[in-house]
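Peer 1: Quick one: structure below, then a few questions.
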Amino acid sequence: MRFLSLTTTAFVSSTGSMRKPHDSSTAFPLVPPAVVMTELSPPTFSSVMQQPQSVVNIAIQDWLTVVVPPAFAADASPPTPKEIALLREALGSFYGVDRDLVKSEALLTQAIDAWQRQPPDEQAALYRVRGDCYLAELKPQEAEKDYTIAINFLEGPGGELADKEELPAALLGRARAIRSEGVVSKEKSLKASRDYQKSLRLSSHEEWDTDEELFEDGASRNPYATWECGMELRAAGLYDQAYQVHMLAADSFADIADKARSIICSLDAGIDLAAAGKTEQAKKVLKDAIDSTTKAEARDVELLQRVIAKEGEARIALASILWDNKERGAAEAQLGEACSRLDQLDADATARNAKLGRKPELAPPRLKFSIDDGLGAFDLSCTRFKNEKFLTETLQWPDELKIKVIKLENLGK
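Under the numbering used here, the first residue of the sequence shown is numbered 1, with each subsequent residue one higher.
So, in structure tokens, the structure goes:
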């Protein structure tokens, strides 16, 4: 574990936050992660940041005595006190309570420049943190570039010296940066899905025999990223794999008693099958998932609203494949129920806001990649499914499913 290792044994979100696997990963951290310091491991910078100034100085001096790996000894010299002060200020600005993203970006850029002669694992950590900063600033393209540089360092010579959490964090960050860019090419979605898969495999804390077992273990620790992986597989046109991953996410959420998000994942799994043209299997999965929405429980009202909105989307997907399968009566029944449920969702939300004496508030701008960024009340209606742009850009439905829903909305015309 080296000086610039900014992660701990917990899974690290792309935003740099330390979270338990079942926590939502859409918020950005306000404080650096806590790191337990032992006699067997040098302090990380995050741990140093939380110590009294005298302890900080001692810890930094201890780190400076670490032997530079032979491959880099000729070129690397220890950072100067001025460079260390710059690094401390840069990370403090980003991880501190009074976060200043503009200042953080500028300071991190200066720190990266100053750290060019340091070993690859330390440079990788800085690029990864600036990638986190870019994501917080709503700059996914810039974040993607920094995560790529970090990944290249970590997978190259000297990268093996980094903390074991750095590579999965950088991979997850790049995947989320790509996902945050909106509609991208299938090739880029495939790249994101592979980053998700590798990140989840690397996040496994057990020694399994196969990649599949490693992935399943990683998924159990971060069902949020697992759902995101399924969405990128769908965007890449790999519907069967998307179905399997979404079902794995559903099981992982269920294992931590998160019924609402588990149902959302199951509904998405059914939509994957509908896109794949597996009508009979899709019908069963969608019907079972739709029936389960009445069992959704959560204290978060907006989460329950997203469950109903996803149910409406799933009902229309089911109606579309039923119509395409010449089951016209069943299709019209599902379409009618979807419209009724979505209208009721909006009516209930309106009544709730009126009772609380408030108007719907616009959410602050943020990048959308999480299961918690899905559509909710006032975002979805039956009429919107007639809009091909909405299907493509907002729902990100594949062409195979869009064609069917457009036929349904036109009642076969």
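For each residue, glycine too, the CB sits at the ideal point set by N, CA and C.
Across the region 235-242 and the region 250-258, are there enough close Cβ pairs to call them in contact, namely three or more that are closer than 8 Å?
Peer 2: No, the region 235-242 is not in contact with the region 250-258.
Peer 1: L395 by DSSP, collapsed to three states: which one?
Peer 2: The residue labelled residue 395 in the question sits at position 395 within the sequence shown. The answer is coil: DSSP assigns L395 none of H, G, I, E or B.
Peer 1: My assumption, with CB atoms under 8 Å, is that L286 sits in contact with A296. Please give the rounded CB distance.
Peer 2: For the purposes of this step, residue 286 is taken as the residue at position 286 of the sequence shown. For the purposes of this step, residue 296 is taken as the residue at position 296 of the sequence shown. Their Cβ separation, rounded to whole angstroms, is 16 Å, which puts L286 and A296 out of contact at 8 Å.
Peer 1: Look at the alpha carbon of L87 and the alpha carbon of A317, and state the distance between them as a whole number of angstroms.
Peer 2: Within the sequence shown, residue 87 is the residue found at index 87, counting from 1. Within the sequence shown, residue 317 is the residue found at index 317, counting from 1. So the alpha carbons of these two residues sit roughly 51 Å apart.
Peer 1: Take the Cβ of N410 as the centre, count every other Cβ of all protein chains shown within 10 Å, and call the residue buried at 16 or more, exposed below.
Peer 2: As a first step, residue 410 must be located in the sequence shown, where it is residue number 410. Exposed is the call here.
Peer 1: What are the start and end residues of the alpha helix (DSSP H) that includes F253?
Peer 2: Mapped onto the sequence shown, residue 253 falls at position 253. Y239 to D255 is the extent of the alpha helix (DSSP H) around F253.
Peer 1: For P120, count neighbouring Cβ atoms within 10 angstroms of its own Cβ and tell me buried if that reaches 16, exposed if not.
Peer 2: Translated into the one-based positions of the sequence shown, residue 120 becomes position 120. Buried is the call here.
Peer 1: Could you spell out where the alpha helix (DSSP H) holding G156 opens and where it closes?
Peer 2: Indexing the sequence shown from 1 puts residue 156 at position 156. Neither: G156 is in no alpha helix (DSSP H) and is coded neither H nor E.
Peer 1: What distance in whole Å lies between the Cβ atoms of A319 and A338, which are believed to be in contact at a cut-off of 8 Å?
Peer 2: Counting from one through the sequence shown, the residue named residue 338 turns up at place 338. Counting from one through the sequence shown, the residue named residue 319 turns up at place 319. Their Cβ separation, rounded to whole angstroms, is 7 Å, which keeps A338 and A319 in contact under 8 Å.
Peer 1: For the pair the region 156-171 and the region 192-199, tell me if three or more CB-CB distances fall below 8 Å.
Peer 2: The region 156-171 is in contact with the region 192-199.
Peer 1: Mind checking whether S180 and P223 have CB atoms under 8 Å apart?
Peer 2: Residue 180 sits at position 180 when you count from the first residue of the sequence shown. Residue 223 sits at position 223 when you count from the first residue of the sequence shown. No, Cβ-Cβ distance for S180 and P223 is not below 8 Å.
Peer 1: When you compare only the Cα positions, how much space is there between D399 and G277?
Peer 2: For the purposes of this step, residue 399 is taken as residue 399 along the sequence shown, with counting starting at 1. For the purposes of this step, residue 277 is taken as residue 277 along the sequence shown, with counting starting at 1. Taking the straight line from one Cα to the other gives about 12 Å.
Peer 1: Taking only runs of the alpha helix (DSSP H) that begin and end inside the region 70-121, which ones reach a length of at least 4 residues, in chain order?
Peer 2: Whole alpha helix (DSSP H) segments, 4+ residues: 70-73, 81-95 and 101-114.
Peer 1: Helix, strand or coil for W208, going by three-state DSSP, please let me know.
Peer 2: For the purposes of this step, residue 208 is identified with residue 208 of the sequence shown, where counting begins at 1. It is coil, neither helix nor strand.
Peer 1: Excluding the 5 residues flanking E393 on each side, which residues of the same chain have their C-beta closer than 8 Å to its C-beta?
Peer 2: Position 393 of the sequence shown, counted from the first residue, corresponds to residue 393. Excluding sequence neighbours, E393 sits near G182 and V183.
Peer 1: What residue from S266, C229, A289 and K355 has the CA that sits closest to S370's CA?
Peer 2: One-based indexing of the sequence shown puts residue 370 at position 370. Ranking S266, C229, A289 and K355 by Cα distance to S370 puts C229 first.
Peer 1: Under the assumption that L273 contacts A236 (Cβ atoms under 8 Å), give the Cβ distance between them as a whole number of angstroms.
Peer 2: Counting from 1 along the sequence shown, the entry for residue 273 is found at position 273. Counting from 1 along the sequence shown, the entry for residue 236 is found at position 236. About 16 Å separates the two Cβ atoms, so there is no contact after all.
Peer 1: Who are the near neighbours of D146 in its chain, counting only those whose CB is closer than 8 Å to its CB and skipping five residues on each side?
Peer 2: For the purposes of this step, residue 146 is taken as residue 146 along the sequence shown, with counting starting at 1. Y127, R128, R130, G131 and Y134, listed in sequence order.
Peer 1: When DSSP labels each residue in this structure, what does V307 get in the three-state scheme?
Peer 2: Within the sequence shown, the letter at position 307 stands for residue 307. Three-state DSSP puts V307 in a helix.
Peer 1: Below 8 Å on the Cβ atoms is my guess for A124 versus A162; work out the distance and round it to an integer in Å.
Peer 2: Translated into positions along the sequence shown, residue 124 becomes position 124. Translated into positions along the sequence shown, residue 162 becomes position 162. Indeed they touch by this definition, with Cβ atoms about 6 Å apart.
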